[in-house]
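**Student:**
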Amino acid sequence: MINQAVKERVLVEVDKHVRASKGYETESYVNPFVPVDMVASMAMAKFLTESNAFDCYVSVAPEGHVYGYFLEAFHGVKALSVHVDYPPRECVCLDDLSGIRGQRVLLLEDDVASGYTLKLVLATLKRFRPRSISLYLGRPKEGQVLENVPKKIDRVYLAEDVLTDELRAASAADLAERFGGS
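One gets this note's numbering by counting positions in the sequence shown from 1 and adding 1213 to each.
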C-alpha cells in the first residue's frame, strides 16, 4: 500500500509527462490524464518490458501517455505517438513511425468503447507494416467493451489478467521508494 503523499507525487509526474507529450489536448471532453490504479500501471510496465515481447511502443495520445509514463520513467522505453481526434474521424502520426516496420508493436490506450479509435489507429499503423500489433488497456476490465477490439489486434493486455500479488507488492514498494514514503 502506498500513502496519499506518494500517490499525489506520482500523479504530478504523470500529469507533467502527459502535458509534455505529443498529442496533449486541453478540451473539456478529454478523459482524465491519471491512471485508475497507479500500482497496476507500474506493475504492467514492468511485466510488459520484461516480457521482451515488443520492439516498439505507440501511445494513442494523449490518454495512452498516462501509461507510457511508467514505461518511460522506470524502464527507459520511449513511446511513439499517434492521435485520434474526438469524435474519432482520423488518426494522425505525431512521430515518424517508419521504425515500426517488421517490429512487434504494443499500443498503449486507456480504454475501448466502440472500437472505432482502434480501427483508425490500426489502419494507420498497417501502412508501416509492423510484424504484429498488441494492445495494453490501462483502465480496468470492467467498463471495457472488449468485443469491440478489432480482430487484427494479436493480444490484449489488462492488469487483471496478468498481474500477480507479488508483482503488485513489488511495484507498490518501488513507487514508495522512488517517491519518498510508504
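We put the beta carbon where it would ideally sit given N, CA and C, even for glycine.
Please read all numbers here as calculations on a predicted model, not as lab measurements.
1. State yes or no: is the C-beta of Leu1443 within less than 8 angstroms of the C-beta of Phe1341?
2. How big is the Cα-Cα spacing for Ala1256 and Tyr1280?
3. Compute the beta-carbon to beta-carbon distance between Val1271 and Val1318, rounded to the nearest angstrom, for a pair I have assumed lies under 8 angstroms.
4. Would you call the CB atoms of Val1358 and Ala1326 closer than 8 angstroms?
5. Could you give the DSSP three-state label for Ile1313: helix, strand or coil?
6. If you measure between the beta carbons of Leu1333 and Val1369, is that distance less than 8 angstroms?
7. Can you tell me which of the three DSSP states Tyr1237 falls into?
8. Identify the residues that DSSP records as bridge partners of Leu1376: which are they?
9. Can you tell me where the beta strand (DSSP E) with Tyr1299 in it begins and where it stops?
10. Touching or not, the region 1247 to 1267 and the region 1367 to 1386, by the rule of three or more beta carbon pairs under 8 angstroms?
11. Counting only the same chain and skipping the five closest in sequence on each side, list residues whose C-beta sits under 7 angstroms from that of Phe1392.
12. What is the DSSP secondary structure of Ser1272, counted as helix, strand or coil?
13. According to DSSP, is Ala1292 part of a helix, a strand, or is it coil?
14. Tell me which residue opens and which closes the beta strand (DSSP E) that Leu1348 is part of.
**Tutor:** Considering the structure as presented:
1. Only positions 1214 to 1395 of the chain appear in this structure, which leaves residue 1443 out of reach.
2. 11 angstroms
3. 6 angstroms
4. yes
5. helix
6. no
7. coil
8. DSSP output for Leu1376 lists no bridge partner at all.
9. Segment: none, Tyr1299 is in no beta strand (DSSP E) and carries neither H nor E.
10. yes
11. Val1219, Arg1222, Val1223
12. strand
13. strand
14. 1345 to 1350
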